[in-house]
Every structure is written in structure tokens, then in C-alpha cells.
Amino acid sequence: MARFNSRCANQVLCMVQARNSIVDGIIVPVPGQHIRFENGDYSTTVKKEVDFIKGHRLFGSAIVEVTGTEAVNEG
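Mind the numbering: the sequence shown is residues 0 to 74 in numbering that gives the first Met the number 0, read in order.
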């Protein structure tokens with residue numbers, strides 16, 4: 000499991016934007032996909048999300064990965 004911390008307590012990263020799709024002439028909203036940090040923490044086991052966060056421009060400055068030794072120091 001990968002665990003990340005953000006400086007912003009309610010950080011939201013957009014993986015896929017919400018959009019509208021037209022089906023039989025009717026506009027149907029299609030929800031996007033977001034990563035939402037709660038109290039600055041986010042944990043995931045999904046490889047796609049881990050790769051997205053590690054490739055994001057905020058990773059390393061405003062978002063950092065918590066390793067095993069840092070998690071022990073917090074608790």
C-alpha cells in the first residue's frame with residue numbers, strides 16, 4: 000500500500016475530467032476520476048493512482064510519499 004501526505008488538507012487531483020456525452024440526442028454527464036486527500040493523507044493500492052501521483056508536478060514539493068520509517072514516527 001502506498002501512502003501520501005499533502006501540505007493542503009483537502010488536496011484534490013483530477014485524473015480524468017468530467018465531461019458530457021451525447022446519447023440519442025440527450026446530453027448525459029459522465030463523471031470524472033479524482034484523488035481526494037483527507038486531512039492531508041491518501042492511501043491506495045491501485046497502481047494507476049500511485050503512478051499518477053508520482054508523475055504529478057506537485058509530487059516532491061507539496062505531496063510526498065510516506066515510507067515505513069516516517070509512518071512509525073507519526074504514531
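Idealized CB from N, CA, C, for every residue including glycine.
Could you please give the first and the last residue of the uninterrupted beta strand (DSSP E) stretch that includes residue i?
{"i": "D40", "result": "D40 to T43"}
{"i": "C13", "result": "V11 to V15"}
{"i": "P28", "result": "I25 to V29"}
Assign residue i to one of three DSSP states: helix, strand, or coil.
{"i": "F58", "result": "strand"}
{"i": "G74", "result": "Because G74 carries a pLDDT of 48, less than 50, the predicted location of this residue cannot be relied on, and no value is offered for it."}
{"i": "F36", "result": "coil"}
{"i": "D50", "result": "helix"}
Across which residues does DSSP place residue i in a beta bridge pair?
{"i": "R8", "result": "Before going further, note that residue 8 is Ala rather than Arg in the sequence given. DSSP, once it has assigned bridges, lists no residue as partnering A8."}
{"i": "V65", "result": "R2"}
Whose C-beta lies closer than 7 angstroms to the C-beta of residue i among residues of the same chain, with five residues either side of it excluded?
{"i": "S20", "result": "V27 and V29"}
If I measure Cβ to Cβ from residue i and keep anything under 8 angstroms in the same chain, skipping five residues before and after, which residues do I get?
{"i": "F51", "result": "L12, M14 and I34"}
Following a CB-centred definition, is residue i positioned closer than 8 angstroms to any heavy atom of the ligand HEM?
{"i": "D50", "result": "As for the ligand HEM, it is missing from this structure, which has no ligand bound."}
Near residue i, what residues of its chain come up, given a Cβ to Cβ distance below 6 angstroms and the 5 sequence neighbours on each side ignored?
{"i": "R2", "result": "S42 and V65"}
{"i": "R18", "result": "V29"}
Indicate whether the contact test is met: 3 or more Cβ pairs, each with one atom in the segment 4-12 and one in the segment 32-40, closer than 8 angstroms.
-> yes
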